[in-house]
Amino acid sequence: PLRLFSMGIPHASRCTPQHYRAQDIEALLGEGFFDYAFTIVRNPYHRIESEYRMRAQLAKDSFWKGLPAFSPWIEENLDQQRRAKFHLDNHLRPQWEFLGKDVEVFKLEDGLSGPLAAVAERLGVTPPQQNPHELRSDPLEIEWSPADRIRVRDHYARDFETFGYRP
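Numbered continuously in the UniProt record's numbering, the sequence shown closes out at residue 167.
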């Protein structure tokens, strides 16, 4: 079966297959390969917090045992993402760039029941009783400076507009 998942970045790719954009998948498999496509988007502020928490958790096991403070991390990584679009395995790419034709959009803030029900209906199966949640970051208090909010607001301006989030 087709599996667009890899633990590491394949040698001929710039990111793992699970982080491909719709246009990357179409280039590989051709237009119309899938009968249904959906995506789950997230408020850009919450998305950045989650990414930072995940990176902080991973950094605990690294040689340095830590990560830069939130503000310098945002500044450095959003600057990097502007220069190298696939930076951090495409985790920081604006979400609108993943969209393709006829992709149904769900918001994570509305829960996972909606997308799971939509997929289950198309497959003719019963949706799961409980929503899966495998990766949970440690709680980490994040303090936003006004500059942090402006950086994220500017970097993800089209996400705020496209998905109706309030900047």
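We put the beta carbon where it would ideally sit given N, CA and C, even for glycine. All figures in this text were calculated on a predicted structure; none of them were measured in a lab.
Check: Residue burial classification, D159 (beta-carbon count within 10 angstroms, cutoff 16); Outcome: buried
Check: Straight-line Cα distance separating R55 from F63; Outcome: 14 Å
Check: Within 9 Å, strictly: CB atoms of Q18 and L29; Outcome: no
Check: For residue 208: DSSP bridge partner residues; Outcome: Lying before the first or after the last residue shown, residue 208 is absent from the chain, which here runs from 1 to 167.
Check: Coil, strand or helix - V125 by DSSP; Outcome: coil
Check: Stretch-stretch touch, CB-based, cutoff 8 Å, three pairs: the segment 27 to 45 with the segment 105 to 114; Outcome: yes
Check: Own chain partners of E75 with C-beta closer than 7 Å, once the 5 adjacent residues on each side are dropped; Outcome: R151
Check: Own chain partners of P127 with C-beta closer than 6 Å, once the 5 adjacent residues on each side are dropped; Outcome: L116, A117 and A120
Check: Sub-9 Å separation of P72 and Y156 beta-carbons; Outcome: no
Check: Cβ neighbour criterion (16 or more within 10 Å) applied to residue 169; Outcome: Since the first residue of the chain shown is 1 and the last is 167, residue 169 is not available in this structure.
Check: Residue 223 - containing alpha helix (DSSP H), residue span; Outcome: A query on residue 223 cannot be resolved here, the shown segment of the chain reaching from 1 to 167 and no further.
Check: Same chain, Cβ closer than 7 Å to K85, five either side skipped, listed in chain order; Outcome: R93
Check: Rounded C-alpha distance that separates N90 from C15; Outcome: 7 Å
Check: S36, buried or exposed, once every other Cβ within 10 Å from all chains shown has been counted against 16; Outcome: Per the sequence shown, residue 36 should be read as Tyr rather than Ser. Per the 10 Å Cβ criterion, exposed.
Check: Burial state of R83, where buried means 16 or more other Cβ atoms lie within 10 Å; Outcome: exposed
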